[in-house]
Amino acid sequence: MLVMTTDSKRPLSPHLQVYRLPMTALMSISHRASGAVLVVGTVMAGLWLITAAFAPAYFDMIMALANTPIGTIVMFGFSFALYYHMCNGIRHMFWDLGFLFKLKNAAIANWVVLLSAAALTSMTWWCACAWQG
Amino acid sequence: MDRIQSDIAKAKGLGSAHHGAEHWMAQRLTALANIPLIIWFIYSVMHLRGVNQSEFVLWLAEPVNAVLTILLILNISYHAVLGSQVIVEDYISCKVLRMAKLIGQKLFFIAFSVACIFSVLTIAL
Ligand code: HEM
Chain C
1 MLVMTTDSKR PLSPHLQVYR LPMTALMSIS HRASGAVLVV GTVMAGLWLI TAAFAPAYFD
61 MIMALANTPI GTIVMFGFSF ALYYHMCNGI RHMFWDLGFL FKLKNAAIAN WVVLLSAAAL
121 TSMTWWCACA WQG
Chain H
1 MDRIQSDIAK AKGLGSAHHG AEHWMAQRLT ALANIPLIIW FIYSVMHLRG VNQSEFVLWL
61 AEPVNAVLTI LLILNISYHA VLGSQVIVED YISCKVLRMA KLIGQKLFFI AFSVACIFSV
121 LTIAL
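Chains as they are written, first to last, in our numbering: chain C, 1 to 133; chain H, 1 to 125.
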C-alpha cells in the first residue's frame, strides 16, 4: 500500500486544499476571476445605458447609488478588476508571442502587472476626484 | 482556420475538442481592440461622474461618442461570450447543463448587445 507522507520524495499533485499556489498561479486564476467580475460589470453598465434611453428616472437613481460610499467602493473594485485584467491580458499576449516564460521573467511580470494595475487605478481616481472639483 | 493553424497541427488533426484556433484568435483580436476602447471608456466615465440623464444624453448624442460606444458594446460582448464559453467548458462537465449554459449565454449576449445598441441609436439619432 502506498503511504504518502510530507517528507516523501514523490511529486505531489497540487491539491488546492494542501498546496500553496505560487504567485504566477494566483495571478492566472485572478485573470479568470477578474474576467468573470467584468462580465457582471458589463451587464450593469449596459443596464445603465438602457435606462438612459428608456427610463430616465432609473438612470438618475443609478447615478445617485454610484455616488454613495458603497457605490464608490464597488466602482473602485470594478476599475481595479478592469485594469488588472487589461494589464494581465497584455502579458497574456506577450506569452502568445513567446516572451516572458522564464521563471525569473514571469516573476518580474507578476509585479509589473500588479503595480501597473494599482498605479492606473490610483491615477484614475485621483484624476476623477480632481476633475469633479 | 487553416491560415492560423501550423502545418504540423493540420497534419495531426484538430485534437479532442475539434476546434479552437479560431476561438483563440478571436479572443486575442477582441482583447487587442479592447485596450484603446476601454481606455476611452474609463476616461469618459471619469468625465461623466455625477451627470444627470439629460447631460448624459447630450454626451452620447455626439457622433464620436455614439460610434465608440457601439464599437465597445460589440467588442466587449464578443470577448465576453468567448471568455465565458471557456470558463463554462472548463467547469461544467454535465453535457446537457453545459450546452444549456453555452446556448443561454450566447442568446443573452446577443439580446444584451442589441438592446444596448438600440439604446445608443435611440439617443443619438
Ligand atoms: C481591457 C482590455 C482587455 C484585455 C487586454 C483582455 C485580454 C484578455 C485575454 C488575452 C484573455 C485570454 C486569456 C486566456 O487565454 O486565458 C481574456 C479572457 C477573458 N476576458 Fe478579457 N480582456 C480585456 C477586457 C475584458 C472585459 C471588458 C471583459 C468583460 C466582459 C473581459 C472578460 C474576459 C473573460 C470572461 C475571459 C475568459 C477568462 C478565462 O478564460 O479564464 N475581458 N481577456
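Beta carbons: idealized from backbone N, C-alpha and C, even for Gly. Every value quoted in this text rests on a predicted model; they were computed, and no experiment measured them.
Between the segment 30-43 of chain H and chain C, which residues of the former have a C-beta closer than 8 Å to a C-beta of the latter? Residues passing the 8 Å Cβ filter: Ala31, Leu32, Asn34, Ile35, Ile38, Ile42.
Flag valine 74 of chain C as yes when its Cβ comes closer than 7 Å to any non-hydrogen atom of the ligand HEM, and as no otherwise. Remark: the shortest separation between the CB of valine 74 of chain C and any heavy atom of the ligand HEM does not fall under 7 Å.
Relative to the C-alpha of tryptophan 126 of chain C, which candidate in H:Met46, H:Gly20, H:Trp24 has its C-alpha closest? The shortest Cα separation from tryptophan 126 of chain C among H:Met46, H:Gly20, H:Trp24 belongs to H:Met46.
Since asparagine 75 of chain H and threonine 122 of chain H should fall inside the 8 Å C-beta cutoff, what is the C-beta to C-beta distance between them, to a whole number of angstroms? Their Cβ separation, rounded to whole angstroms, is 21 Å, which puts asparagine 75 of chain H and threonine 122 of chain H out of contact at 8 Å.
Is serine 13 of chain C near the ligand HEM - that is, is its Cβ less than 7 Å away from at least one heavy atom of it? The ligand HEM has no heavy atom closer than 7 Å to the beta-carbon of serine 13 of chain C.
Looking at alanine 52 of chain C: is its Cβ nearer than 8 Å to the Cβ of serine 119 of chain H? With respect to serine 119 of chain H, alanine 52 of chain C sits close: the two C-beta atoms are nearer than 8 Å.
Out of H:Cys116, H:Phe41, H:Phe56, H:Val81, which has the shortest C-alpha to C-alpha gap to leucine 107 of chain H? Comparing Cα-Cα distances from leucine 107 of chain H to each of H:Cys116, H:Phe41, H:Phe56, H:Val81, the minimum goes to H:Val81.
How would you list, in chain order, the residues of chain C whose beta-carbon sits under 9 Å from the beta-carbon of leucine 60 of chain H? Those are Leu49, Ala52, Ala53, listed as they occur along chain C.
Listing by chain order, which chain C residues have their CB less than 7 Å from the CB of valine 57 of chain H? Per Cβ cutoff of 7 Å: Ala52.
Kindly confirm or deny that the segment 79-86 of chain C and the segment 117-125 of chain C touch, where touching means at least three C-beta pairs closer than 8 Å. Between the segment 79-86 of chain C and the segment 117-125 of chain C, the count of C-beta pairs closer than 8 Å reaches three or more; the two stretches touch.
Tell me the DSSP secondary structure of methionine 1 of chain H in three-state form. Below a pLDDT of 50, predicted positions are generally treated as unreliable, and methionine 1 of chain H, at 48, falls in that range; the measurement from the model is reported next regardless. In the structure shown, the three-state DSSP call for methionine 1 of chain H is coil.
Taking 8 Å as the threshold (beta carbon to beta carbon), is alanine 115 of chain H in contact with chain C? Cβ-Cβ to chain C under 8 Å: yes for alanine 115 of chain H.
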